[in-house]
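From first to last, the protein sequence lines are chains Z and X. So the first sequence is numbered by the working numbering: it starts at 8 and just counts up by one. So the second sequence is numbered by the working numbering: it starts at 27 and just counts up by one. Scroll down for the structure; my scribbles are underneath it.
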Amino acid sequence: MRPELLKGHLDALLLAVLEPGPQHGYAVIEALRSASGGTLDLPTGTVYPALHRLERAGLIASEWQTVDGRRRRAYHLTPAGHAALGEHRALWDQFSAAVAAVLSARPRPAPA
Amino acid sequence: MNTPPARIDAYLAEIAAGLHGPRRRRARILAELRDGLDQAVADQITAGLPAERAASVAIARFGTPAAVADAFAAELTIGYARQTLGWFVATGPLVGIWWLLLLHPRPWGLTALVAAIPAIPLVAAGLATTATTFAATGRLMRWLPEAGAGRAVVAVLAVAGLAITGDLTILAVYLGSDAPTPPLGLVAVAASLIRIGFSSITIRRAAALRRRTATPDRSTVGRNARR
């Protein structure tokens with residue numbers, strides 16, 4: 008998949024991955040990779056800043072935990088994040104239905 | 027867990043060299059990346075790879091150090107801008123209070139106050155710039171046009187410039203008058219000089235960050251983001 012196709016959708020994808028419950032950054036990125044069947048295979052290190060931006064926007068929050076002596080940052084959706092995900096889904100349904108309708112329309116053969 | 031820490035350390039050191047911004051924020055980014063890398067190596071070892079090969083695969087999937095550092099540039103610059111603007115707002119009263127005590131008009135009135143302390147409109151402009159930047163880079167960016175790193179750093183340059191102009195204006199007005207200089211006056215002059223020094227350093231740092239963020243993004247999801 009061409010990377011530029013992801014532009015504008017990464018926020019919604021990360022919110023959707025976090026919807027079931029809190030996860031640390033690496034798990035979020037791996038979940039994105041596996042849930043898309045490997046299609047959304049972004050360089051892991053470049054996805055963390057997108058999580059930080061979502062936190063700055065108040066759509067997710069994070070807390071540092073100590074697991075087996077290691078510091079780990081876990082992210083979870085905020086109420087604003089749940090609402091934003093719902094809006095993203097509604098917009099995507101509308102957009103994808105419109106694009107599918109146009110792309111699936113095949114021209115009729117011209118009458119002889 | 028049998029991970030080759032030297033490979034990971036070297037990789038993180040390369041990323042660290044490309045990160046520019048608040049020190050604490052950089053340390054947290056590196057701690058988070060280290061945790062992710064350790065987990066990635068552990069996953070590869072669980073999948074059957076030897077430790078050295080597992081580290082190579084994990085590092086390759088994380089992206090080149092340049093790509094990872096570039097991906098964080100905007101967040102670090104915005105973090106720097108918010109921290110610096112917050113510092114100007116928090117310390118502003120520590121400078122302004124002395125000038126207010128020294129030069130406040132009798133009787134009080136807005137017009138008389140601005141005439142006595144001509145830097146006040148500049149303070150208002152600085153506060154408005156800071157409030158707008160905080161709103162457009164924080165939680166309100168869901169409803170407002172989002173400000174990127176470039177706009178945030180321009181706001182820092184503007185506020186630092188306003189601070190220098192305001193301090194120079196008030197110093198010129200005060201030192202240009204024939205009034206005797208009481209101890210309070212010396213404190214006010216010293217406070218303004220300290221802020222002029224800090225603001226000059228801020229302009230130099232912010233200009234350097236602006237040059238860095240203005241360079242084309244090599245990272246994010248680009249084809250060259252992996253080794």
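Think of the CB as a built atom: it goes at the ideal place given N, C-alpha and C, for glycine as much as any other residue.
Looking at the secondary structure, which residues open and close the alpha helix (DSSP H) in which Leu120 (chain X) lies? Translated into positions along the second sequence, residue 120 (chain X) becomes position 94. Unbroken alpha helix (DSSP H) run through Leu120 (chain X): Pro91 to Leu129.
Using 10 angstroms around the beta-carbon of Val24 (chain Z), count the other beta-carbons present and answer buried if the total reaches 16, otherwise exposed. Taking the first residue of the first sequence as 1, we reach residue 24 (chain Z) at position 17. Val24 (chain Z) should be labelled buried.
C-beta neighbour in chain Z for Thr163 (chain X), strict 8 Å: Sequence index remark: in the second sequence, residue 163 (chain X) carries index 137 (1-based). True, the Cβ-Cβ gap to chain Z drops below 8 Å.
Can you check which of these residues, Z:Ala108, Z:Leu66 and Z:Ala105, is closest to Trp169 (chain X) by C-alpha distance? Numbered from 1 along the second sequence, position 143 holds the residue referred to as residue 169 (chain X). Of the listed residues, the one whose Cα sits closest to Trp169 (chain X) is Z:Leu66.
Who are Glu70 (chain Z)'s beta bridge partners in DSSP? By one-based count along the first sequence, residue 70 (chain Z) stands at place 63. The partner list for Glu70 (chain Z) (beta bridge, DSSP) reads Z:Ala81.
With DSSP as the reference, identify every bridge partner of His95 (chain Z), one or two as the case may be. By 1-based counting over the first sequence, the position of residue 95 (chain Z) is 88. According to DSSP, His95 (chain Z) bridges with nothing at all.
With 8 Å as the threshold, decide whether the Cβ of Thr46 (chain Z) is near any Cβ in chain X. Sequence index remark: in the first sequence, residue 46 (chain Z) carries index 39 (1-based). Not one chain X Cβ lies under 8 Å of Thr46 (chain Z).
For Glu101 (chain X) and Arg60 (chain Z), which I take to be in contact (beta-carbon distance under 8 Å), what is that distance rounded to the nearest angstrom? As a first step, residue 101 (chain X) must be located in the second sequence, where it is residue number 75. As a first step, residue 60 (chain Z) must be located in the first sequence, where it is residue number 53. Their Cβ separation, rounded to whole angstroms, is 6 Å, which keeps Glu101 (chain X) and Arg60 (chain Z) in contact under 8 Å.
Contacts that Ala64 (chain Z) makes with chain X (C-beta to C-beta distance below 7 Å): Stepping through the first sequence from its first residue, residue 64 (chain Z) is reached at position 57. Going along chain X in sequence order, the residues near Ala64 (chain Z) (Cβ under 7 Å) are Arg165, Met167 and Arg168.
Say whether chain X places a C-beta atom closer than 8 Å to the C-beta of Arg60 (chain Z). Looking up residue 60 (chain Z) in the first sequence gives position 53. With 8 Å as the cut-off, Arg60 (chain Z) counts as an interface residue toward chain X.
Mind checking the stretch 40-63 of chain X against chain Z and listing, in chain order, the residues whose C-beta falls within less than 7 Å of any C-beta there? Ala57, Glu58, Leu59, Asp61 and Gly62
Give me the Cβ distance between Ala186 (chain X) and Ser225 (chain X), rounded to the nearest whole Å; I'm assuming they're in contact under 8 Å. Residue 186 (chain X) sits at position 160 when you count from the first residue of the second sequence. Residue 225 (chain X) sits at position 199 when you count from the first residue of the second sequence. Indeed, because the Cβ distance is near 4 Å, the residues count as touching under 8 Å.
Considering only the alpha carbon of each residue, which of Z:Ala42, Z:Ser43, Z:Thr51 and Z:Gly44 lies closest to Asp64 (chain X)? The residue you call residue 64 (chain X) lines up with position 38 of the second sequence. Out of Z:Ala42, Z:Ser43, Z:Thr51 and Z:Gly44, Z:Thr51 has the C-alpha closest to the C-alpha of Asp64 (chain X).
Would Gln65 (chain X) count as contacting chain Z if we go by Cβ distances under 8 Å? By 1-based counting over the second sequence, the position of residue 65 (chain X) is 39. Interface residue, yes.
Thr73 (chain Z) versus chain X: which residues are under 7 Å apart at the beta carbon? As a first step, residue 73 (chain Z) must be located in the first sequence, where it is residue number 66. Per Cβ cutoff of 7 Å: no residues; Thr73 (chain Z) is ~11 Å from chain X at best.
Excluding five sequence neighbours on each side, which residues of the same chain lie with their C-beta closer than 6 Å to the C-beta of Ile41 (chain X)? By 1-based counting over the second sequence, the position of residue 41 (chain X) is 15. Hits under 6 Å: Pro91, Val94 and Ala95.
Quick check on His31 (chain Z): does DSSP put it in helix, strand or coil? Residue 31 (chain Z) sits at position 24 when you count from the first residue of the first sequence. Correct three-state label for His31 (chain Z): strand.
Pick out the complete alpha helix (DSSP H) segments inside the stretch 163-238 of chain X, 4 residues or longer, and give them in chain order. Counting only runs of 4 or more, we get 175-202.
Given a cut-off of 8 Å on the beta-carbon distance, is the pair Gly174 (chain X) and Tyr106 (chain X) in contact? Here residue 174 (chain X) refers to the residue found at position 148 of the second sequence. Here residue 106 (chain X) refers to the residue found at position 80 of the second sequence. Result no, Cβ atoms of Gly174 (chain X) and Tyr106 (chain X) do not sit closer than 8 Å.
With three or more beta-carbon pairs closer than 8 Å as the criterion, would you say the stretch 123-138 of chain X touches the stretch 73-81 of chain X? No, the stretch 123-138 of chain X does not touch the stretch 73-81 of chain X.
To which residues of the same chain is Ala150 (chain X) closer than 8 Å at the C-beta, ignoring the five residues directly before and after it? For the purposes of this step, residue 150 (chain X) is taken as residue 124 along the second sequence, with counting starting at 1. None.
Shortest alpha-carbon distance to Tyr33 (chain Z) belongs to which of Z:Thr73, Z:Val109, Z:Lys14 and Z:Tyr82? Working through the first sequence from its first residue, we reach residue 33 (chain Z) at position 26. The shortest Cα separation from Tyr33 (chain Z) among Z:Thr73, Z:Val109, Z:Lys14 and Z:Tyr82 belongs to Z:Tyr82.
For Ala234 (chain X), tell me which candidate among X:Leu166, X:Val180 and X:Pro147 has the shortest Cα-Cα distance. Translated into positions along the second sequence, residue 234 (chain X) becomes position 208. The candidate whose alpha carbon is nearest that of Ala234 (chain X) is X:Val180.
CA-to-CA distance, Thr195 (chain X) to Arg52 (chain X), given in whole angstroms: By one-based count along the second sequence, residue 52 (chain X) stands at place 26. By one-based count along the second sequence, residue 195 (chain X) stands at place 169. If you take the alpha carbons of Arg52 (chain X) and Thr195 (chain X), they lie about 37 Å apart.
Give the C-beta separation of Arg80 (chain Z) and Glu58 (chain X) to the nearest angstrom, bearing in mind that I take them to be a contact with Cβ-Cβ under 8 Å. Numbered from its first residue, the first sequence carries residue 80 (chain Z) at position 73. Numbered from its first residue, the second sequence carries residue 58 (chain X) at position 32. Arg80 (chain Z) to Glu58 (chain X), Cβ: 5 Å. Contact.
Can you check which of these residues, X:Thr159, X:Val121 and X:Ile146, is closest to Arg221 (chain X) by C-alpha distance? Walking along the second sequence from the start, residue 221 (chain X) turns up at place 195. Nearest of X:Thr159, X:Val121 and X:Ile146 to Arg221 (chain X), Cα basis: X:Val121.
Taking Cβ positions, are Trp125 (chain X) and Ile143 (chain X) nearer each other than 8 Å? Looking up residue 125 (chain X) in the second sequence gives position 99. Looking up residue 143 (chain X) in the second sequence gives position 117. Going by C-beta atoms, Trp125 (chain X) is nearer than 8 Å to Ile143 (chain X).
Can you tell me the Cα-Cα spacing of Ile227 (chain X) and His16 (chain Z), whole angstroms? If you number the second sequence from 1, residue 227 (chain X) lands on position 201. If you number the first sequence from 1, residue 16 (chain Z) lands on position 9. Whole-angstrom Cα-Cα distance: 39 Å.
Could you give the first and the last residue of the continuous alpha helix (DSSP H) run that contains Ser82 (chain X)? Position 56 of the second sequence, counting from 1, holds the residue named residue 82 (chain X). Going by DSSP, Ser82 (chain X) is part of the alpha helix (DSSP H) stretching over Ala77 to Phe88.
Quick one: give me the first and last residue of the alpha helix (DSSP H) that Gly61 (chain X) is part of. As a first step, residue 61 (chain X) must be located in the second sequence, where it is residue number 35. For the record, residue 61 (chain X) in the displayed sequence is Asp; it is not Gly. Counting along the chain, the alpha helix (DSSP H) containing Asp61 (chain X) begins and ends at Arg49 to Thr72.
Rounded C-beta distance between Gly254 (chain X) and Thr239 (chain X)? I'm assuming under 8 Å. In the structure as shown, chain X begins at 27 and stops at 253. Residue 254 (chain X) is therefore absent and cannot be evaluated.
Which residues in chain Z have a C-beta closer than 9 Å to the C-beta of Ala100 (chain X)? List them in chain order. Your numbering for residue 100 (chain X) matches position 74 in the second sequence. Pro56 and Arg60, listed in chain order.
Give the interface partners of Gly89 (chain X) over in chain Z, defined as CB-CB distance under 8 Å, in chain order. Within the second sequence, the letter at position 63 stands for residue 89 (chain X). Those are Pro50, Thr51, Gly52 and Thr53, listed as they occur along chain Z.
Which of helix, strand or coil does DSSP assign to Ile143 (chain X)? Residue numbering aside, residue 143 (chain X) sits at position 117 when the second sequence is read from its first letter. Three-state result, Ile143 (chain X): coil.
Residues of the stretch 87-104 of chain Z with a CB closer than 8 Å to any CB of chain X: list them in chain order, please. Ala87 and Ala91
Roughly how many whole angstroms lie between the Cα atoms of Arg77 (chain Z) and Thr53 (chain Z)? Counted from its first residue, the first sequence places residue 77 (chain Z) at position 70. Counted from its first residue, the first sequence places residue 53 (chain Z) at position 46. Their Cα atoms are separated by approximately 22 Å.
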